[in-house]
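Novice: I have a structure I would like to understand better, so I am pasting it below and will then ask my questions one at a time.
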Amino acid sequence: MRMFRSVTIGQHIPGDSVIHRLDPRTKILSAMFLIVLLFVVKGFVGYGLVALGLALVIRASRIPWKFVIRGLRPLMVILVLTLTLHLFMTEGRVIFQVWFLKVTWEGLIRGLMMGTRLVLLILGTSMLTLTTSPMQLTDGIETLLKPGKKIGIPAHELAMMMTIALRFIPTLLEETEKIMKAQMARGADFQSGGIMQRARSLIPLLVPLFVNAFRRADDLAIAMEARGYRGGEGRTKLKELKFQRLDAVALGLVITFSVLVGAFF
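So the mapping is simple: this note's numbering equals the position in the sequence shown, first residue as 1, plus 19.
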């Protein structure tokens, strides 16, 4: 259950730092450049530079390091699985062999690179949601998707769905934790046994979790209709998004950094 409290994606921490004051479009585009850069970089030096850049962003955002690093705990199982699969399934120079299983240097290096890429990806996307409110995120995504309206892309509806999905990640995890506690109080056991037994023990969680999710979705729809929500057509905004000099500088630094690191590392 500690794993559910460790998830930081979808949460927002209000603040007045330089990163918080950036236009949401700047942060969304920066996150997109980060994702592309992580798949372009080919060595640990490049990943180290990306990690240094993310460390500077986290420092500038004034978000506690413990809170940011806590979001990596749920990834430990995936990281260990990724490293294990690459260790035993990549051909190359053998480090040691146990029966028919061979651990190779190439597998070790590739597993570490994939794990590093995943960690940096989660940190970067977490910083986007931690420093951007759901309303700002919706407005930013909608503005970036507006050119697609000419070819029939529903920009407002897509932005709304993406933001609601991100916002409800912590809520659904909290609901899961409550259901687990309620069932443990009735004698359910989620801790003992092997991996398959633990997976089967989680099946009874699915029905009440889906019921609660649909109930929340219905309540949200009723609340939106009661407030006169009818989609994006004709809607006005209380605060219009405006690019400032700070956004131009930040986006220029991100693009320059991404091009240099991607080209040379």
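We treat Cβ as the ideally placed atom computed from N, Cα and C, and that holds for glycine. Just so we're clear, the structure is a prediction, and the values are computed from it rather than from any experiment.
Where does F284 sit, in a helix, a strand or coil, going by DSSP?
Specialist: The sequence position of residue 284 within the sequence shown is 265, counting from 1. Note: F284 maps to coil in three-state DSSP.
Novice: Excluding the 5 residues flanking T162 on each side, which residues of the same chain have their C-beta closer than 7 Å to its C-beta?
Specialist: In the sequence shown, residue 162 corresponds to position 143, counting from 1. Excluding positions up to five away in sequence, the list reads R44 and L260.
Novice: Return helix, strand or coil for K121, following the three-state DSSP convention.
Specialist: Indexing the sequence shown from 1 puts residue 121 at position 102. Strand.
Novice: What is the rounded straight-line gap between the Cα of K200 and the Cα of V230?
Specialist: Walking along the sequence shown from the start, residue 200 turns up at place 181. Walking along the sequence shown from the start, residue 230 turns up at place 211. Near 17 Å, if we compare the C-alpha coordinates of V230 and K200.
Novice: Within 10 angstroms of its Cβ, does M203 collect 16 or more other Cβ (buried), or is it exposed?
Specialist: Against the sequence shown, residue 203 aligns to sequence position 184. When all chains shown are included, M203 counts as exposed.
Novice: Is it buried or exposed, G17, if we count other Cβ atoms within 10 angstroms and call 16 or more buried?
Specialist: With the chain covering only 20 through 284, there is no way to say anything about residue 17.
Novice: One question on the structure: do G134 and L192 come within less than 8 Å of each other, judged by their Cβ atoms?
Specialist: Position 115 of the sequence shown, counting from 1, holds the residue named residue 134. Position 173 of the sequence shown, counting from 1, holds the residue named residue 192. Result no, Cβ atoms of G134 and L192 do not sit closer than 8 Å.
Novice: So, does the segment 34-49 touch the segment 88-104, judging by three or more C-beta pairs under 8 Å?
Specialist: As far as the Cβ criterion goes, the segment 34-49 does not touch the segment 88-104, which means the pair count is below three.
Novice: Would a C-beta distance cut-off of 8 Å place L131 and G281 closer than the cut-off?
Specialist: What you label residue 131 is simply residue 112 of the sequence shown in a count that begins at 1. What you label residue 281 is simply residue 262 of the sequence shown in a count that begins at 1. Against a cut-off of 8 Å, the Cβ pair of G281 and L131 comes out as no contact.
Novice: Suppose you measure from the CA of M22 to the CA of I47; what does that come to, to the nearest Å?
Specialist: On the sequence shown, position 3 is the one that residue 22 refers to. On the sequence shown, position 28 is the one that residue 47 refers to. Its pLDDT being 47, under 50, M22 is placed unreliably by the model, and the measurement read from it follows with that caveat. Taking the straight line joining both Cα atoms gives about 27 Å.
Novice: Between P33, P227 and S49, which lies nearest to V273 when the distance is taken from Cα to Cα?
Specialist: Position 254 of the sequence shown, counting from 1, holds the residue named residue 273. Nearest of P33, P227 and S49 to V273, Cα basis: S49.
Novice: Using a Cβ-Cβ distance cut-off of 8 Å, determine whether I222 contacts chain C.
Specialist: In the structure shown, chain C does not exist; there is a single protein chain.
Novice: Could you tell me the alpha carbon to alpha carbon distance between F86 and L140, rounded to whole angstroms?
Specialist: Residue mapping note: residue 86 aligns to position 67 of the sequence shown, counting from 1. Residue mapping note: residue 140 aligns to position 121 of the sequence shown, counting from 1. Using only the alpha carbons, I get a separation of about 16 Å.
Novice: Straight-line CA distance for M20 to F233?
Specialist: Here residue 20 is taken as the residue at index 1 of the sequence shown, counted from 1. Here residue 233 is taken as the residue at index 214 of the sequence shown, counted from 1. Low confidence applies to M20: its pLDDT is 48, below 50, so where it sits in the model is not reliable enough to give any reading.
Novice: Going by beta carbon distance, what residues of the same chain come within less than 6 Å of R129, once the five residues before and after it are set aside?
Specialist: Numbered from 1 along the sequence shown, position 110 holds the residue referred to as residue 129. Cβ within range, chain order: H105 and T109.
Novice: Quick one: measure Cβ to Cβ for F52 and S277, integer angstroms, because I've assumed they're closer than 8 Å.
Specialist: Numbered from its first residue, the sequence shown carries residue 52 at position 33. Numbered from its first residue, the sequence shown carries residue 277 at position 258. Contact holds; Cβ gap of about 5 Å.
Novice: Could you tell me which residues DSSP puts in a beta bridge with F115?
Specialist: Position 96 of the sequence shown, counted from the first residue, corresponds to residue 115. DSSP, once it has assigned bridges, lists V122 as partnering F115.
Novice: From which residue to which residue does the alpha helix (DSSP H) around S80 run?
Specialist: Working through the sequence shown from its first residue, we reach residue 80 at position 61. First-last of the alpha helix (DSSP H) with S80: F63 to S80.
Novice: Can you look up S145 in the DSSP assignment and give me helix, strand or coil?
Specialist: If you number the sequence shown from 1, residue 145 lands on position 126. Note: S145 maps to helix in three-state DSSP.
Novice: Determine the direct distance from the alpha carbon of F107 to that of I32, and round the result to whole angstroms.
Specialist: In the sequence shown, counting from the first residue as 1, residue 32 sits at position 13. In the sequence shown, counting from the first residue as 1, residue 107 sits at position 88. Using only the alpha carbons, I get a separation of about 41 Å.
Novice: Would you mind giving the Cβ-Cβ distance between L75 and L265, rounded to the nearest angstrom? I have them listed as a contact below 8 Å.
Specialist: The residue given as residue 75 occupies position 56 in the sequence shown. The residue given as residue 265 occupies position 246 in the sequence shown. Actually they do not touch by this definition, with Cβ atoms about 15 Å apart.
Novice: Find the nearest neighbour of E194 within the set P227, E176, P173 and I241, judged by alpha-carbon distance.
Specialist: Translated into the one-based positions of the sequence shown, residue 194 becomes position 175. Among P227, E176, P173 and I241, the Cα nearest to that of E194 belongs to P227.
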